[in-house]
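Residue numbers (the numbering used here), protein chains in the order written: chain A, 1 to 207; chain B, 1001 to 1207; chain C, 2001 to 2207; chain D, 3001 to 3207.
What follows is the structure, encoded as structure tokens:
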């Protein structure tokens, strides 16, 4: 239960920060820095308890790589999606919900963008937080959080920059995205996470 | 006495940086980065002596978690509030005091914002600077400082982004906030710190 | 083969991020932060497998310093240039290719700028990732990535800020630079990397 | 000799970055980030050889604290001021010298600003790079570099934000400051460094 609570807390602050910095009046050009930093600090705070996924695609990658038990995958996902719902609900006390504008995407470019940067995110997670070659390092949260920041600056204008199905659901609940585009994120993010896990195993073997 | 001096120095530079970067002409959109960095560097410099709280709400959380003695709590608070007063006084030599404009808040949204991000701040402090699972890490200052940066970008436009009663008092003394709003910060910040400490103990147990 | 794959992945994300953040609509004034961060995260993720060069000039410096075998130099270069080509190709799915505008340079200032910051980059790489005196540190990726960010802010307006022949080729393929200027980058970057390696050996001796 | 060469390299890149990012067309609001990062990366690269001062006021503080021999102080200062001269000379190849505009200061506010943030800088250096309580950390370069960034955002508009006599001389040689204001930086910076060293010894004792 403690792990699920930590996943809930971290995912809540990630998605709450996204809503606060993206919905006008937000943080403008600094939003990706704040969003990446929110993930970084929650990973540094919660990683030692739950692994600090805060992202169903990362949990899937950790499962494939063998660092999350089969019994934990669904509870992790539930905690992450529940955090998205509560973060969207908390936004009503902070910002006017009608200030949010759904972000229009072209599905081909958005699917590629979401796939590539979720691959990068899961690749960084597995190599900095689960690999023997980097054991004991103090940079895993910085590396993982700044991967999301980089992706948001790079392709935020293409797909919105979720790289995370719970973020996609949170964005929909906050009025920043629409349900009919959800599949782009589910396919792109879970696909990117799975391919990253397979690539990790190819490169690092069964440690 | 050495601990109290270090708390004074760190809190002074945090609040002095806030005044310099927020009061016009300030650092504009980069103010939250500078403010978070000022906290980060003072924690990295002073944490090994005093714990690097620089915040009465963090000292309360450390007391509840058992990492600050009962005899130290009031002296820590006095050092922190004294630093706020001296920082406000030093601002008179740097900027015209009438350049500061009090920040208007709606108390419900501001209270929620201050509670949530002070919770996040104390949660990150306790997990990165006092937990067994992260002992010996080199990231605690980065994590803690960037939590304040994230909060300032996320809800700076809602509450002003103090997350710290000494910052609130310093802001009032510099003309950035008014005394009648002080209760929002006292309740939100001390409440957020206390709930974070209880959550920490629930998750990590009595180490 | 695993090392070459890791070099391909890291160089791909570096150059893909450059294209996405520089070609309009991009990340504006935050592009150098995103670019430096993309290098940082890929080094933290891949350094333990391949050394995390992602740059032919760095591979040359590592070869001169004795940390890359002679048999690996050409395959590393091939993987890096192949990543540039694939990144440029992937950009066609993300942005309109005709949105890119070649960056005009004056060759004297550009050559000096590219030489100096590639020297700085290779100097930082060798000292933070291969020196005895910094063995076991957790900052090498941060130091190396932020060197590129610094150079991009400092001389991006002079040379475009490549500091990397694979980046130069990627920029040409994406329409951001022209083939007739390639020699400036080849000479400046490989020269800067080689001089940094010789300076490193002068300072640190044969460890 | 190796230590002096490393001090020359690091101070050169710090001051060269200042000139490139401050003289128009420069890095605008991101200049302090780039400047702080240039110091950070040079400290991470050169600290293990020379201590990574790159600043006469820091060398003075290290001397008072007992971490620099008396025979090294003057050669360190010479290397640092020589780097300022060479950096200013290199700027002629990069930017038009007449693009630089001297920064006007009020001496009282500038003296206080330079004193306070040089105190902060030397305080962070001594505590993160020479204290027993933080031995073996991986954050010293980040902490020191970001102190300069914070100071530049906080009081760059008051004093120009040197916190370093070699930077002040470099700024004068590049046309960003005038000789008649040099005393403000000499007094404020050397005074701030000396007071920080005495405060450090008061707090940490003779380790």
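Beta carbons are placed, not taken as given, at the ideal position from N, Cα and C, and that holds for glycine.
Rounded separation between residue i and residue j - CA only
| i | j | result |
| --- | --- | --- |
| residue 1018(B) | residue 3154(D) | 8 Å |
| residue 2177(C) | residue 1054(B) | 50 Å |
| residue 2179(C) | residue 2172(C) | 6 Å |
| residue 2095(C) | residue 158(A) | 9 Å |
| residue 2032(C) | residue 1045(B) | 28 Å |
| residue 73(A) | residue 206(A) | 20 Å |
| residue 49(A) | residue 135(A) | 16 Å |
| residue 2015(C) | residue 1029(B) | 28 Å |
| residue 22(A) | residue 109(A) | 21 Å |
| residue 200(A) | residue 2(A) | 28 Å |
| residue 1111(B) | residue 128(A) | 37 Å |
| residue 2075(C) | residue 2126(C) | 20 Å |
| residue 2174(C) | residue 2161(C) | 15 Å |
| residue 1093(B) | residue 1114(B) | 30 Å |
| residue 1187(B) | residue 20(A) | 22 Å |
| residue 68(A) | residue 1060(B) | 35 Å |
| residue 2088(C) | residue 2041(C) | 20 Å |
| residue 2132(C) | residue 3051(D) | 15 Å |
| residue 182(A) | residue 1163(B) | 35 Å |
| residue 1070(B) | residue 3123(D) | 28 Å |
| residue 3066(D) | residue 3204(D) | 13 Å |
| residue 197(A) | residue 3151(D) | 43 Å |
Neighbour flag for residue i against chain D, beta carbons, 7 Å
| i | result |
| --- | --- |
| residue 1094(B) | yes |
| residue 1030(B) | yes |
| residue 1044(B) | yes |
| residue 1002(B) | yes |
| residue 1053(B) | no |
| residue 1184(B) | no |
| residue 2143(C) | yes |
Contact with chain B by residue i, beta-carbon distance below 7 Å
| i | result |
| --- | --- |
| residue 3159(D) | no |
| residue 3194(D) | no |
| residue 3014(D) | no |
| residue 17(A) | yes |
| residue 213(A) | Here chain A has residues from 1 to 207 only, and residue 213(A) is not among them. |
| residue 3071(D) | no |
Short CB-CB distance (under 7 Å) between residue i and chain A
| i | result |
| --- | --- |
| residue 1124(B) | yes |
| residue 2085(C) | no |
| residue 2050(C) | no |
| residue 1154(B) | yes |
| residue 1038(B) | no |
| residue 1139(B) | yes |
| residue 2041(C) | yes |
Closer than 7 Å to chain C by CB, residue i
| i | result |
| --- | --- |
| residue 2987(D) | What the structure shows of chain D is the stretch from 3001 to 3207, and residue 2987(D) is not part of that stretch, so it cannot be assessed. |
| residue 150(A) | yes |
| residue 118(A) | no |
| residue 112(A) | yes |
| residue 3025(D) | yes |
| residue 203(A) | yes |
### Query
Which full runs of the beta strand (DSSP E) of 3+ residues lie inside the region 1073-1110 of chain B, going along the chain?
Fully enclosed beta strand (DSSP E) runs of 3 or longer: not present.
### Query
With a cut-off of 8 Å, do at least 3 Cβ pairs link the region 1054-1073 of chain B to the region 1163-1176 of chain B?
yes
#### Entry: At least 3 beta-carbon pairs within less than 8 Å: the region 3191-3203 of chain D vs the region 3103-3120 of chain D
yes
### Message
Across the region 3001-3018 of chain D and the region 2077-2087 of chain C, are there enough close Cβ pairs to call them in contact, namely three or more that are closer than 8 Å?
### Response
no
### Task
Take every Cβ of the region 2144-2154 of chain C, pair it with every Cβ of the region 2027-2044 of chain C, and state whether three or more of those distances are shorter than 8 Å.
By the C-beta criterion, the region 2144-2154 of chain C is judged to be in contact with the region 2027-2044 of chain C, since at least 3 inter-stretch pairs fall below 8 Å.
### Task
Pick out the complete alpha helix (DSSP H) segments inside the region 1020-1074 of chain B, 4 residues or longer, and give them in chain order.
1031-1050, 1056-1065
### Query
With a cut-off of 8 Å, do at least 3 Cβ pairs link the region 2125-2145 of chain C to the region 3132-3143 of chain D?
yes
### Message
Please give me, in chain order, every unbroken run of the beta strand (DSSP E) with length at least 3 that falls completely inside the region 2147-2207 of chain C.
### Response
none
### Query
According to a CB-to-CB cut-off of less than 7 Å, which residues of the region 3125-3136 of chain D neighbour chain E?
Absent from the structure is chain E; the protein chains it does hold are A, B, C and D.
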